[in-house]
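One structure is given below, encoded as structure tokens.
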Amino acid sequence: MLVCGKYNLVYEFFDRVKQKSIPGALNYKVLVNALWREGKIDEAVMSVKDMENRGIVGSASLYYDLARCLCSGGRCKEALLQVWLIQVQLMS
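Mapping to UniProt numbering: the sequence shown position 74 is 74, numbers consecutive.
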């Protein structure tokens, strides 16, 4: 779905997963990538915050993708802050 550029299918699938169970970090990673490819940077950030609020631990690659997403939107300082926050969390 993501590779083919069918982002609407990604969103529909994610919504179905969310209704029936708790999405995992991989589901959020796919969602972040779909949002990023459509230039929906704020939505990508909000989806990661939603994930964290649900107590789901994201993978390093998810946060890497989020940082790249932010940088591609000219928000490199915010990306660096995200990386710093992750490092602080790992150390505590």
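Ideal placement from N, C-alpha and C gives every residue a C-beta, glycine not left out. Since this is a predicted model, take the numbers as computed values, not measurements.
9 Å Cβ cutoff met for residue i and residue j
i, j, result
"Val32", "Asp65", "yes"
"Gly58", "Val45", "no"
"Leu70", "Ala60", "no"
"Ala34", "Tyr11", "yes"
Three-way DSSP call (helix, strand, coil) for residue i in this model
i, result
"Lys40", "coil"
Residue i classed as buried or exposed, judged by whether at least 16 other C-beta atoms fall within 10 angstroms
i, result
"Cys76", "exposed"
"Met91", "exposed"
"Asn27", "buried"
"Lys29", "buried"
"Trp36", "buried"
Residue range of the unbroken alpha helix (DSSP H) whose run includes residue i
i, result
"Ser59", "It is not in any alpha helix (DSSP H) - Ser59 carries neither H nor E in the DSSP assignment."
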